[in-house]
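Each step along the sequence shown adds one to the number in the numbering used here, with nothing skipped, and position 32 is 1150.
From the three backbone atoms N, C-alpha and C, an ideal C-beta is built for every residue, glycine too.
Take a look at the structure below.
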Amino acid sequence: EIRLSLVGSEMCIRDRFYKWKSNYASAAWYEPPKQIWALQEFDVNINPEIGLILDGEVHAIKLYLNNKKLSDLKAQAAGLIMENMFSEQYPAIKFAILDVKAEKFHVFNGASERLDYLLIGEAAHMSAILSAAKERAAA
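Below, the structure is given as C-alpha coordinates:
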(Lines of atoms letter the chains of each structure in order from A and count residues from 1; the text may use other names and numbers.)
(Lines give C-alpha, C1' and ligand atoms only; values in the text may rest on other atoms or scores of the structure.)
Protein backbone atom coordinates (compact mmCIF):
# COMPACT_ATOMS: atom_id res chain seq x y z
CA GLU A 1 0.00 0.00 0.00
CA ILE A 2 1.34 3.43 -0.90
CA ARG A 3 0.43 6.27 1.43
CA LEU A 4 0.11 9.60 -0.36
CA SER A 5 -0.82 11.77 2.60
CA LEU A 6 1.24 13.08 5.50
CA VAL A 7 0.59 12.01 9.08
CA GLY A 8 0.26 14.65 11.81
CA SER A 9 3.93 14.69 12.87
CA GLU A 10 5.12 14.93 9.25
CA MET A 11 2.72 17.81 8.62
CA CYS A 12 4.01 19.55 11.74
CA ILE A 13 7.63 19.22 10.56
CA ARG A 14 6.70 20.41 7.07
CA ASP A 15 4.76 23.40 8.41
CA ARG A 16 7.58 24.42 10.78
CA PHE A 17 10.10 24.15 7.96
CA TYR A 18 8.00 26.34 5.65
CA LYS A 19 7.50 28.87 8.44
CA TRP A 20 11.28 29.02 9.03
CA LYS A 21 12.03 29.23 5.29
CA SER A 22 9.68 32.21 4.95
CA ASN A 23 12.31 34.32 6.80
CA TYR A 24 14.32 34.45 3.56
CA ALA A 25 13.55 36.49 0.42
CA SER A 26 14.80 33.71 -1.86
CA ALA A 27 15.39 30.02 -1.37
CA ALA A 28 16.45 27.37 -3.89
CA TRP A 29 17.23 23.67 -3.44
CA TYR A 30 20.43 21.84 -4.40
CA GLU A 31 21.84 18.39 -3.64
CA PRO A 32 24.17 18.75 -0.61
CA PRO A 33 27.50 16.90 -0.48
CA LYS A 34 27.79 13.57 1.32
CA GLN A 35 30.88 11.69 2.47
CA ILE A 36 32.08 8.99 4.87
CA TRP A 37 34.43 10.05 7.66
CA ALA A 38 36.76 7.16 8.61
CA LEU A 39 37.25 7.63 12.33
CA GLN A 40 39.51 5.12 14.08
CA GLU A 41 37.59 1.78 14.03
CA PHE A 42 34.35 3.03 12.51
CA ASP A 43 32.90 5.08 9.69
CA VAL A 44 30.58 8.06 10.18
CA ASN A 45 28.21 9.09 7.40
CA ILE A 46 28.34 12.86 6.99
CA ASN A 47 25.08 13.52 5.21
CA PRO A 48 23.39 16.89 5.45
CA GLU A 49 19.80 16.22 4.36
CA ILE A 50 19.03 19.60 2.83
CA GLY A 51 20.90 21.85 0.45
CA LEU A 52 19.47 25.36 0.28
CA ILE A 53 20.62 28.59 -1.26
CA LEU A 54 19.17 31.21 1.09
CA ASP A 55 19.33 34.80 -0.09
CA GLY A 56 22.30 33.87 -2.27
CA GLU A 57 24.26 31.96 0.43
CA VAL A 58 24.79 28.22 -0.09
CA HIS A 59 23.98 26.08 2.97
CA ALA A 60 24.37 22.35 3.66
CA ILE A 61 21.87 21.67 6.44
CA LYS A 62 21.62 18.75 8.85
CA LEU A 63 18.17 18.29 10.35
CA TYR A 64 17.77 17.82 14.10
CA LEU A 65 14.39 16.21 14.85
CA ASN A 66 14.90 15.18 18.49
CA ASN A 67 12.64 16.50 21.25
CA LYS A 68 15.68 17.22 23.43
CA LYS A 69 17.10 20.72 23.25
CA LEU A 70 20.10 21.00 20.94
CA SER A 71 22.85 22.98 22.64
CA ASP A 72 24.76 25.57 20.66
CA LEU A 73 27.99 23.69 21.44
CA LYS A 74 26.72 20.39 19.98
CA ALA A 75 25.34 22.20 16.93
CA GLN A 76 28.72 23.88 16.41
CA ALA A 77 30.49 20.51 16.84
CA ALA A 78 28.31 19.00 14.10
CA GLY A 79 29.07 22.04 11.95
CA LEU A 80 32.79 21.54 12.55
CA ILE A 81 32.58 17.93 11.36
CA MET A 82 30.86 19.05 8.14
CA GLU A 83 33.35 21.90 7.73
CA ASN A 84 36.29 19.51 8.17
CA MET A 85 34.85 17.08 5.62
CA PHE A 86 33.70 19.45 2.89
CA SER A 87 35.31 22.91 3.13
CA GLU A 88 38.32 22.16 0.94
CA GLN A 89 36.16 20.80 -1.88
CA TYR A 90 33.25 23.23 -1.33
CA PRO A 91 34.69 26.46 0.15
CA ALA A 92 31.55 28.55 -0.47
CA ILE A 93 29.19 26.33 1.54
CA LYS A 94 28.01 27.36 5.00
CA PHE A 95 27.22 24.44 7.27
CA ALA A 96 24.23 24.48 9.58
CA ILE A 97 21.92 22.46 11.78
CA LEU A 98 18.20 23.13 11.68
CA ASP A 99 16.51 22.24 14.97
CA VAL A 100 13.09 21.68 13.44
CA LYS A 101 11.05 21.40 16.64
CA ALA A 102 12.67 24.42 18.30
CA GLU A 103 12.65 26.35 14.99
CA LYS A 104 16.29 27.34 15.49
CA PHE A 105 18.90 27.60 12.74
CA HIS A 106 22.46 27.02 13.97
CA VAL A 107 24.99 28.21 11.38
CA PHE A 108 28.55 27.02 11.97
CA ASN A 109 30.63 30.05 12.87
CA GLY A 110 34.16 28.71 12.72
CA ALA A 111 36.49 26.29 14.43
CA SER A 112 37.78 26.77 17.95
CA GLU A 113 40.11 24.90 20.25
CA ARG A 114 37.16 24.03 22.50
CA LEU A 115 35.30 22.40 19.60
CA ASP A 116 38.40 20.49 18.54
CA TYR A 117 38.76 19.06 22.06
CA LEU A 118 35.07 18.18 22.15
CA LEU A 119 35.37 16.19 18.92
CA ILE A 120 38.54 14.43 20.08
CA GLY A 121 36.77 13.48 23.32
CA GLU A 122 33.65 12.26 21.52
CA ALA A 123 35.76 10.15 19.14
CA ALA A 124 37.67 8.60 22.07
CA HIS A 125 34.38 7.90 23.85
CA MET A 126 32.88 6.18 20.80
CA SER A 127 36.08 4.21 20.27
CA ALA A 128 36.00 2.98 23.89
CA ILE A 129 32.35 1.92 23.55
CA LEU A 130 33.12 0.05 20.32
CA SER A 131 36.14 -1.69 21.88
CA ALA A 132 34.08 -2.75 24.92
CA ALA A 133 31.33 -4.10 22.68
CA LYS A 134 33.87 -6.09 20.63
CA GLU A 135 35.43 -7.54 23.82
CA ARG A 136 32.02 -8.49 25.18
CA ALA A 137 31.03 -10.14 21.88
CA ALA A 138 34.30 -12.10 21.80
CA ALA A 139 33.84 -13.39 25.38
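Next item on the list: Kindly confirm or deny that the region 1202–1210 and the region 1142–1153 touch, where touching means at least three C-beta pairs closer than 8 Å.
Entry: Short answer: they touch.
Item checked: Sequence-distant residues of the same chain with beta carbon closer than 6 Å to glutamate 1167, five excluded per side -> Looking up residue 1167 in the sequence shown gives position 49. Scanning its chain for C-beta atoms nearer than 6 Å, with the 5 sequence neighbours on each side dropped, one finds around glutamate 1167 the residues Leu1181, in chain order.
Item checked: Candidates Val1162, Lys1252 and Val1176: closest to isoleucine 1211 by CA position -> As a working mapping, residue 1211 is identified with position 93 in the sequence shown. Measuring from the Cα of isoleucine 1211, the nearest candidate turns out to be Val1176.
Margin query: Suppose the cutoff is 8 Å on Cβ atoms and the five residues either side in sequence are ignored; what does the same chain contact list for isoleucine 1199 look like?
Written below: Working through the sequence shown from its first residue, we reach residue 1199 at position 81. For isoleucine 1199, where only same-chain residues beyond five positions count, the Cβ hits under 8 Å are Trp1155, Val1162, Ile1164 and Leu1237.
Next item on the list: Work out the CA separation of isoleucine 1131 and tryptophan 1138 for me, nearest whole Å.
Entry: Locating residue 1138 in the sequence shown gives position 20, counting from the first residue. Locating residue 1131 in the sequence shown gives position 13, counting from the first residue. Taking the straight line joining both Cα atoms gives about 11 Å.
Next item on the list: Work out the CA separation of glycine 1197 and valine 1225 for me, nearest whole Å.
Entry: To locate residue 1225, count along the sequence shown from 1; it is residue 107. To locate residue 1197, count along the sequence shown from 1; it is residue 79. About 7 Å.
Next item on the list: Just the C-alpha distance for leucine 1188 and phenylalanine 1213, rounded to the nearest angstrom, thanks.
Entry: Here residue 1188 refers to the residue found at position 70 of the sequence shown. Here residue 1213 refers to the residue found at position 95 of the sequence shown. Each residue's Cα considered, the two are about 16 Å apart.
Note to self: Using only CA atoms, which one of Leu1183, Asp1190 and Gln1207 lies nearest to lysine 1219?
What the structure shows: For the purposes of this step, residue 1219 is identified with residue 101 of the sequence shown, where counting begins at 1. Of the candidates Leu1183, Asp1190 and Gln1207, the one whose C-alpha sits nearest the C-alpha of lysine 1219 is Leu1183.
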